[in-house]
Every structure is written in C-alpha cells, then in structure tokens.
Amino acid sequence: MNKEQILEIISRNIGEVLPDLEGYQAKPSDKLVDLGANSVDRAEIVMMTMEELSLNIPRVELFGVSNIGELAEVIYEKLQ
C-alpha cells in the first residue's frame, strides 16, 4: 500500500465522520481541525483508519502529527 492509497482511506473516513466533507479528497497539507473536526472527530478518523488497515499505533506516536500528510506518513511507515 502506498501513501496515496492511505490518503484515500483517510479521506473516506473524514467523509464518514464529517458528512459535509463526503467525497472530499484530502490534501497532505490539510489539518483535520481546519476541516472542522473536533478532538473526538479526529480520534474517530484515526481509529477508523487504523482499524481498516489492521494497525495498532500507540497514541503517543501520533502526538507530533500536525497534518494529514504526516498522519499518512506515520501509517505508511508502520505498514512497512
């Protein structure tokens, strides 16, 4: 799986959690908070993405992630 595919999964999950953004293709520079996601929404998007990819990433490893591209990068590295 490549980073583009991971971004597609994140985008789909954003649309599920934030219905106003259904069909939105997230850009790596997008920040979930800027898209209207509160802390619960952000946690749900991350959890849905990890579940879909059968990953369990400790939350502390996600602490420094500031945008969707960085989130995709962390997930990509864990899949390798």
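Read left to right, the sequence shown gives residues 2 to 81 (our numbering).
Where is the CB? At the ideal position from N, CA and C, for every residue including glycine.
This one's a predicted model, so the numbers in the text were calculated from it and none came from an experiment.
* Asked: Leaving out five residues before and five after V18 in sequence, what residues of the same chain have Cβ atoms less than 8 angstroms from its Cβ?
  -> A distance below 8 angstroms between beta-carbons, with the five flanking residues on each side excluded, links V18 to the following residues of its chain, in chain order: A38, D42, E45, I46 and M49.
* Select from K4, M2, A27 and N3 the residue whose C-alpha is nearest the C-alpha of N14. => Looking at the Cα atoms, A27 is the closest of the given residues.
* By the 10 Å Cβ neighbour count, where 16 or more other Cβ atoms means buried, how is D35 classified, buried or exposed? -> So D35 counts as exposed.
* Length of the line joining the Cα atoms of L8 and V75 -> Straight-line Cα distance between these residues: approximately 12 angstroms.
* **Simplified DSSP state of Y77, which is helix, strand or coil** => Look at Y77 here: in three-state DSSP terms it is helix.
* **Check whether I11 and I69 have beta carbons under 8 angstroms apart** => Yes, Cβ-Cβ distance for I11 and I69 is below 8 angstroms.
* What are the start and end residues of the alpha helix (DSSP H) that includes K4? -> Note, K4: alpha helix (DSSP H), K4 to V18.
* To do: Look at the alpha carbon of Y77 and the alpha carbon of D31, and state the distance between them as a whole number of angstroms.
  => For the pair Y77 and D31, the Cα-to-Cα distance works out to about 17 angstroms.
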